[in-house]
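Encoded as structure tokens, the structure appears first; notes follow it.
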Amino acid sequence: MENLEQEPQEIKLIVTEEMRSYIYEISKWARFLSIIGFILSAFLIIGSFGIGAALTSNPAMLAQLGPLAGAGAMGITLVYLVLALLYFYPSLLLFRFSNKGKQGILYGDQESLNDAMLNMKSLFKFWGIFTIVIMICYFLFVLLFAASMAGA
80 MENLEQEPQE
90 IKLIVTEEMR
100 SYIYEISKWA
110 RFLSIIGFIL
120 SAFLIIGSFG
130 IGAALTSNPA
140 MLAQLGPLAG
150 AGAMGITLVY
160 LVLALLYFYP
170 SLLLFRFSNK
180 GKQGILYGDQ
190 ESLNDAMLNM
200 KSLFKFWGIF
210 TIVIMICYFL
220 FVLLFAASMA
230 GA
């Protein structure tokens, strides 16, 4: 009778030179995209206060927003700040991946490569959860639209 409980064998992965070059190139592009993300986040933050100030100083402009006018200048400023935060966090994860990935590849630092992969995992987890939330919102909007059309 065979022993059904075999000891698990240690799995060792080998990072080839080709894989190292891919990770190095990915790190460069990730750094570029993260810096662009930081710049866009800064523009959103500056724009949020600019839009808020413009709407506060010019009530006629606020009236042109239609249904969004109910939120007021402060509400629109907050929406833009939340959008800036939603853009900043993935950019930060990409930036961390870029730095740790490049350090891990250039210096053969396993800890840095592990941290890089942790940041990449967090990035994909963030976008996955965000996508699920957006899909649920779309579904709810469709249901609300259908209910409003049925009631009309």
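Using the numbering used here, the letters of the sequence shown correspond one by one to residues 80 to 231. Ideal placement from N, C-alpha and C gives every residue a C-beta, glycine not left out.
- In this chain, the alpha helix (DSSP H) harbouring Leu165 covers Gly151 to Tyr186.
- Using a 10 angstroms sphere on the CB of Ser227, the tally of other CB atoms stays under 16, which defines it as exposed.
- The alpha-carbon of Leu144 is positioned some 27 Å away from that of Phe167.
- Cβ atoms of Ala163 and Lys179 stay farther apart than 8 Å, at about 24 Å.
- The C-alpha of Phe176 is placed about 10 Å away from the C-alpha of Gly183.
- The C-alpha of Ser191 lies about 10 Å from the C-alpha of Leu197.
- In this structure, DSSP gives Ile105 a helical state, which the three-state scheme calls helix.
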